[in-house]
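Each residue of the sequence shown is one higher than the one before, counting from 2 in the working numbering.
Don't be surprised by glycine CBs; every beta carbon is placed ideally from N, CA and C.
The structure displayed is predicted, hence computed values, not measured ones.
One structure is given below, encoded as structure tokens.
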Amino acid sequence: QVQLVESGGGSVQAGGSLRLSCAASGYACMGWFRQAPGKEREGVATIARDGSTSYADSVKGRFTISQDNAKNTLYLQMNSLKSDDTATYYCAAMKNGAGGYNYWGQGTQVTVSS
């Protein structure tokens with residue numbers, strides 16, 4: 002069973018930045034998701050093998066997803082953080098182009114204080 006491993010979470014003041022990392026590469030699609038207490042998990046950003054990306058409206062212009070295949074690492078650069086961004090962040094990977102995400106990380110906590 003493939004287990005993805007996230008890192009880079011922490012606590013930051015509003016307006017600050019964090020970069021999340023996930024040891025994963027080579028999948029058809031990879032993404033970042035988050036779940037805040039009492040809320041459903043939501044998609045944050047995705048990146049396909051060809052490098053095309055998509056973002057949730059709430060993070061557009063602030064977050065950037067990228068991948069470094071040489072380092073087998075997926076990143077999420079988060080700038081201009083808001084208190085609403087506080088959540089546990091998960092990376093996920095999809096083996097094929099459809100059928101949902103097959104592999105998930107254990108999550109990393111991001112806390113933004115105002």
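*Using the rule of at least 16 other Cβ atoms within 10 Å of the residue's Cβ for burial, across every protein chain shown, is V6 buried or exposed?*
exposed
*asked:* My output table needs one value for D86: the three-state DSSP class, helix, strand or coil.
replied: helix
*If we call anything under 9 Å between Cβ atoms a contact, is T87 one with T109?*
no
_Residue from D85, G101, Q107, L75 with nearest C-alpha to G27_ = L75
*asked:* Checking the sheet assignment: what are the DSSP bridge partners for R35?
replied: E43, Y90
_Proximity of Q2 and G106 at Cβ, strictly below 9 Å_ = no
*Using 10 angstroms around the beta-carbon of T47, count the other beta-carbons present and answer buried if the total reaches 16, otherwise exposed.*
buried
*So who's on the other strand from R20, going by DSSP bridges?*
Q78
*DSSP beta-bridge partners for G106?*
L5
*Going along the chain, which residues of its own chain have a beta-carbon closer than 6 Å to the beta-carbon of S12, five neighbours each way excluded?*
T112
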